[in-house]
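Chemist:
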Amino acid sequence: MSASSKRAALYTGLIDRYRDRLPVSDSTPVISLCEGDTPLIRLNNIPRELDIDAEIYVKYEGLNPTASFKDRGMTMAVSKAAEEGSRAIVCASTGNTSAAAAAYAARAGMTAFVLIPEGKIAMGKLAQAIAHGAVVLQIKGNFDDGMRLVKEVAGEAPVSIVNSINPYRLQGQKTAAFEIVEALGRAPDYHCIPVGNAGNISGYWIGFSEAVGQTTASCTLYEGAENCPYLLEAMTDKRPVMVGYQADGAAPFLRNEPVTSPETLATAIRIGNPQSWDLAHAAVNESGGWFDEVSDEELLATQAMLARREGVFCEPASAVSLCGTLRDLQSGKIPAGSLITCTLTGHGLKDPDIAIRGREAVETVQAELGAVKDAILRNI
Ligand code: F0G
47 MSASSKRAAL
57 YTGLIDRYRD
67 RLPVSDSTPV
77 ISLCEGDTPL
87 IRLNNIPREL
97 DIDAEIYVKY
107 EGLNPTASFK
117 DRGMTMAVSK
127 AAEEGSRAIV
137 CASTGNTSAA
147 AAAYAARAGM
157 TAFVLIPEGK
167 IAMGKLAQAI
177 AHGAVVLQIK
187 GNFDDGMRLV
197 KEVAGEAPVS
207 IVNSINPYRL
217 QGQKTAAFEI
227 VEALGRAPDY
237 HCIPVGNAGN
247 ISGYWIGFSE
257 AVGQTTASCT
267 LYEGAENCPY
277 LLEAMTDKRP
287 VMVGYQADGA
297 APFLRNEPVT
307 SPETLATAIR
317 IGNPQSWDLA
327 HAAVNESGGW
337 FDEVSDEELL
347 ATQAMLARRE
357 GVFCEPASAV
367 SLCGTLRDLQ
377 SGKIPAGSLI
387 TCTLTGHGLK
397 DPDIAIRGRE
407 AVETVQAELG
417 AVKDAILRNI
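In the numbering used here, the protein residues as written are 47 to 426.
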């Protein structure tokens, strides 16, 4: 095989992979970091240990280039911004969107302006935004305040919004559903997902719907919908039930109204006024699904269990999906024998402080064989 034909087989990102199902043309400059194509990992130990009869897979989105699912939407949003001649992008963020915006802006030669809630974003995410050269504006307010300001400032300054109210974001994010259907050879019975600003659940629903060659109310609800759906040949014949989980201190879908002062240790989803309210409701209603909530204590316990029992390290907000799933399986709300996929939205390394908090996991010993051997024998 020649070097160039070997190169032709390289994975080059989700726009190239799903070009015929995305609103791009040959003149769209593709700004990519080879995002997507993330693993779908079957859980082996947790179902056995909890005596749960179900096939549970996690879609490990923490293995995207900036370590969260946001890269899927960002490759589309930044490529389209470049196509439109934008030189700057702006977003409000609880951290991951800002990391992705910063990286893709760097790749595109644009300036990223990111508005983050003061003191409420995980250290890894802040480090990413700074490393990639974004202009970081820490606001004295929460994510919802940032979102309002971004919408206002986009009318006053030459910047493209890359939050998920930008319809191209959802177009990129829908590709995760295609990957799941392709990996399983069918749609799961249930797809379970953390919900914050509610873009991702909406994107997945568009993806699962397009995978069966079907339109969805959510496809027609947003600006840019004339480019959607891309109803090519169906990949499968049924869609999953969509289940959205939130942290109980930031659960507007459960309260059925915005929450003015959302609070949760899962800072990624510390959001009280989700922008994709109607789209997320459409996903849940059309699929016969539901929203539910979990406590911070429960989600942190699931995060730790997943890391310790399966070797999969996700951030606290990500663990919400599996946390709710296990509870609903145990109560019978999700029937035994189901095939379930859970999105793990971000990598655990994003938020190392939370992972080691309250753990006495590090022992200091002398640099001597005897001391190390003793420690091993004590802990084995
Ligand atoms: N999980 C993680 C790790 C997130 O960062 C987010 C959102 C979500 C889940 C919820 O996804 O908003 O599409 O419902 N983070 C955004 C951000 C808000 O700014 O990084 P959603």
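A virtual CB, placed ideally from N, CA and C, is assigned to each residue, including glycine.
All of these numbers come straight from a predicted model, not from anything done at the bench.
1) So, using beta-carbon positions, are Val358 and Tyr291 closer together than 9 angstroms?
2) Please name the residue, chosen from Leu346, Ala200, Ala244, Ala168, that lies closest to Lys220 on a Cα-to-Cα basis.
3) So, is Gln412 buried or exposed, given that buried needs 16 or more other C-beta atoms within 10 angstroms?
4) By the 10 Å Cβ neighbour count, where 16 or more other Cβ atoms means buried, how is Tyr57 classified, buried or exposed?
5) Answer yes or no: the CB of Ala297 versus the heavy atoms of the ligand F0G, is any distance below 8 angstroms?
6) Three Cβ pairs or more, each shorter than 8 angstroms: is that satisfied between the segment 207 to 221 and the segment 119 to 131?
7) For Thr140, verify whether its CB is less than 8 angstroms away from any heavy atom of the ligand F0G.
8) Could you give the first and the last residue of the continuous beta strand (DSSP E) run that contains Asp338?
9) Let me check understanding here. Comparing Cα to Cα, which of Leu385, Val418, Ala314, Val205 lies closest to His393?
10) With distance defined between alpha-carbon atoms, name the residue in Thr282, His327, Leu345, Ala152 nearest to Gly249.
11) Here's a check: name, in chain order, each residue in its chain whose Cβ is nearer than 8 angstroms to the Cβ of Leu86, leaving out the five neighbours to either side.
12) For Val305, which of helix, strand or coil comes out of DSSP?
13) Ala408 to Arg65, Cα distance in whole Å?
14) Run the CB neighbour count on Gln321, radius 10 Å, all protein chains shown included, and call it buried at 16 or more, exposed below.
15) So, using beta-carbon positions, are Ala148 and Ala168 closer together than 9 angstroms?
16) For Met281, name the three-state secondary structure that DSSP assigns.
17) Along the chain, where does the beta strand (DSSP E) that runs through Val41 open and close?
18) Which residues bound the beta strand (DSSP E) around Leu385?
19) Do you know how far the Cα of Pro93 is from the Cα of Arg118?
20) Rounded to the nearest angstrom, what separates Gly253 and Pro204 at their Cα positions?
21) Please return the same chain residues whose Cβ sits closer than 6 angstroms to the Cβ of Tyr150, not counting the five positions on each side in sequence.
22) Could you tell me the boundaries of the beta strand (DSSP E) in which Glu95 lies?
Modeler: For this structure:
1) no
2) Ala244
3) exposed
4) exposed
5) no
6) yes
7) yes
8) 336 to 340
9) Ala314
10) His327
11) Tyr103, Val104, Lys105, Tyr106, Glu225, Ile226, Ala229, Leu230, Thr387
12) coil
13) According to the sequence shown, residue 408 is Val rather than Ala. Approximately 48 angstroms between the Cα atoms of the pair.
14) buried
15) no
16) coil
17) Given a span of 47 to 426 for the chain in the structure shown, any question on residue 41 remains unanswerable.
18) 385 to 390
19) 29 angstroms
20) 31 angstroms
21) Ile77, Met120, Val124
22) From DSSP, Glu95 is part of no beta strand (DSSP E) but of the alpha helix (DSSP H) over 91 to 95.
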